[in-house]
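1389 is the number of the first residue of the sequence shown in the numbering used here; add one for each residue after it.
What follows is a short report on a single structure.
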Amino acid sequence: MKTIHKILVVAVVIFTTGGMIVGCSSTKNAYTAATDVQDEFKIEKSGAQMWGEACNRCHLAPSPADYNDTDWSTIALHMRVRANLAENEIAKIETFLKSAN
Ligand code: HEC
């Protein structure tokens, strides 16, 4: 047999065996990372809940009734920086404060 034929036979054997091994492997019980599950079931905190948590850290959380809507807009800008909150977090808190005053 010529060398080129030998190489071809070996190559065919390698590809067939490899294909069989890959074909038999199952992905049914593939591991699901715990973080994926957490994200799936993540319950978003409400503005009221975040107000209770974030705005109580440094001082007593002010009551929504303490200020009017215009004041809350300014305070939200100010306290977002102090409390290091994300834009969507302070937006929810602000909405809650304005809805309950
Ligand atoms: C990291 C600490 C910290 C957190 C968290 C914090 N505050 Fe403050 N807050 C302060 C300080 C300090 C002051 C006094 C004013 C100043 O020096 O900035 C203040 C003042 C205030 C005042 C008085 C008016 C003003 O703007 O100065 C209000 C109202 C207020 N905070 C509301 C809130 C609300 C609502 C939250 C939640 C989103 C919050 N704070 C979270 C530190 C904090």
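The C-beta atom is built at its ideal place from N, Cα and C for all residues, glycine as well.
In whole angstroms, give me the CA-to-CA distance for I1478 and M1438.
9 Å
Helix, strand or coil: which one does DSSP assign to N1489?
In the structure shown, N1489 falls within a coil segment according to DSSP collapsed to helix, strand and coil.
With a threshold of 8 Å on Cβ separation, who are the neighbours of V1400 within its own chain once the five nearest residues in sequence on each side are excluded?
none
Could you check what DSSP says for E1432 in three-state terms: helix, strand or coil?
coil
Between the C-alpha atoms of C1443 and E1432, what's the straight-line distance to the nearest angstrom?
18 Å
Whole-angstrom Cβ separation of A1464 and E1475, contact assumed at under 8 Å?
Contact flag wrong, Cβ pair sits at about 10 Å.
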